[in-house]
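So the sequence lines, in the order shown, correspond to chains A and B. Counting in our numbering, the first sequence runs from 198 upward without gaps. Counting in our numbering, the second sequence runs from 12 upward without gaps.
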Amino acid sequence: MTVEGLVDLLGARIVNLADGERVLTAGYCGDFLSFVMSKAPEGCAWFTVMSNVNVCAVATLADCAVVVLCEGVTPDAALAEKVKQQDVNLVTTGMTVYEAALATAGRL
Amino acid sequence: MSETRIHQEYVVSGNNFASAGSASEEVKSTLKKIGVASSDIRRVAIAMYEGEINMVIHAGGGVATVDIYLDRVEIVLADKGKGIENVELAMTPGWSTAPEDIRALGFGAGMGLPNMKKYTDEFSIESEVGVGTTVRMTIRFG
């Protein structure tokens, strides 16, 4: 499934879509950035409630395909700006992390 | 010893979370340009970002020196911060002295130093309370 496919599947709102055609390889759920850095697979959809600017650095360094902010969380202004500068895909959904991961599981 | 291909130095400013990670991003992009394997780039990125964040959170910033050779990357992170009282304890996964406001940002899981050790081939840390901390890391390619 592509990032655009995931957006459709979750009915997610787009904050920045730099590469909607990128193919998702896996999913990862978590908020502690050290765990995400070391465990999120390259090309994954990262489901989180963290919404500060450091999310962009972690997504870039771990090479996540898309960041999905869950639970109705919206990015703070610095994050919204940084993902545009860095070409990081970032979307939001009202689903819980569990619901979003469940909806995605088995469809990648 | 193989010749240095690229030498980079970065000043990491303290308590600036907006720019934290920029040195790691730059190193990552350099390694990508010269064709280093993505699995090796990832190890460098993780180790360096954790180190950068540690200097931002705990040391009021510092200097990151990166030397890229044909077969490895050597990173030295030096700060003049408050130092680490008990290095062994600081190396324990899950141990953290990060304050609550830092944890709210998603840091302070106590995995920084353990991650740095885990993803590097050589890792050493020298610290003196009141003087500062120097971390040296080597990541070999392949």
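We put the beta carbon where it would ideally sit given N, CA and C, even for glycine. All values derive from a computational prediction rather than experimental measurement.
If we define contact as Cβ-Cβ less than 9 Å, is residue i a contact residue for chain B?
{"i": "asparagine 213 (chain A)", "result": "no"}
{"i": "threonine 289 (chain A)", "result": "no"}
{"i": "methionine 198 (chain A)", "result": "no"}
{"i": "alanine 275 (chain A)", "result": "yes"}
{"i": "methionine 234 (chain A)", "result": "yes"}
{"i": "phenylalanine 244 (chain A)", "result": "no"}
{"i": "valine 252 (chain A)", "result": "yes"}
{"i": "asparagine 286 (chain A)", "result": "no"}
Within 10 Å of its beta-carbon, does residue i have 16 or more other beta-carbons around it, so buried, or fewer, so exposed?
{"i": "aspartate 82 (chain B)", "result": "exposed"}
{"i": "lysine 43 (chain B)", "result": "exposed"}
{"i": "glycine 92 (chain B)", "result": "buried"}
{"i": "isoleucine 86 (chain B)", "result": "buried"}
{"i": "asparagine 126 (chain B)", "result": "buried"}
{"i": "alanine 256 (chain A)", "result": "buried"}
{"i": "glycine 73 (chain B)", "result": "buried"}
Hey, is residue i's beta-carbon within less than 9 Å of any beta-carbon in chain A?
{"i": "lysine 91 (chain B)", "result": "no"}
{"i": "methionine 66 (chain B)", "result": "no"}
{"i": "glycine 172 (chain B)", "result": "This structure does not reach residue 172 (chain B), given that chain B is present from 12 up to 153, and the question cannot be answered."}
{"i": "asparagine 126 (chain B)", "result": "yes"}
{"i": "leucine 42 (chain B)", "result": "no"}
{"i": "phenylalanine 118 (chain B)", "result": "yes"}
{"i": "glutamate 61 (chain B)", "result": "yes"}
{"i": "serine 24 (chain B)", "result": "no"}
{"i": "phenylalanine 28 (chain B)", "result": "yes"}
Among the residues of its own chain, which have a CB less than 6 Å from the CB of residue i, if the five just before and after it don't count?
{"i": "leucine 214 (chain A)", "result": "Asn286"}
{"i": "threonine 149 (chain B)", "result": "Arg83, Glu85, Asp132, Glu133"}
{"i": "glycine 71 (chain B)", "result": "Gly25, Gly92"}
{"i": "glycine 227 (chain A)", "result": "Val233"}
{"i": "methionine 247 (chain A)", "result": "Asp228"}
{"i": "valine 204 (chain A)", "result": "Val288"}
Could you tell me the distance, in whole angstroms, from the CA atom of residue i to the CA atom of residue j?
{"i": "alanine 277 (chain A)", "j": "aspartate 260 (chain A)", "result": "18 Å"}
{"i": "glutamate 36 (chain B)", "j": "asparagine 97 (chain B)", "result": "30 Å"}
{"i": "alanine 297 (chain A)", "j": "isoleucine 17 (chain B)", "result": "43 Å"}
{"i": "alanine 34 (chain B)", "j": "alanine 58 (chain B)", "result": "12 Å"}
{"i": "alanine 242 (chain A)", "j": "isoleucine 79 (chain B)", "result": "31 Å"}
{"i": "tyrosine 295 (chain A)", "j": "glutamate 20 (chain B)", "result": "42 Å"}
{"i": "leucine 124 (chain B)", "j": "isoleucine 64 (chain B)", "result": "11 Å"}
{"i": "proline 238 (chain A)", "j": "alanine 31 (chain B)", "result": "22 Å"}
Residues bridged to residue i by DSSP?
{"i": "tyrosine 21 (chain B)", "result": "B:Ala75"}
{"i": "tryptophan 243 (chain A)", "result": "A:Tyr225, A:Val264"}
{"i": "valine 288 (chain A)", "result": "A:Ile211, A:Val265"}
{"i": "threonine 199 (chain A)", "result": "A:Val220"}
Excluding the 5 residues preceding and the 5 following residue i in the sequence, name in chain order all residues of the same chain whose CB lies nearer than 8 Å to its CB.
{"i": "lysine 128 (chain B)", "result": "Met102, Phe134"}
{"i": "arginine 210 (chain A)", "result": "Val288, Thr289, Thr290"}
Looking only at its own chain, which residues have a Cβ that is under 7 Å from the Cβ of residue i, when we skip the five neighbours before and after it?
{"i": "tryptophan 106 (chain B)", "result": "Leu100, Gly121"}
{"i": "leucine 116 (chain B)", "result": "Phe28"}
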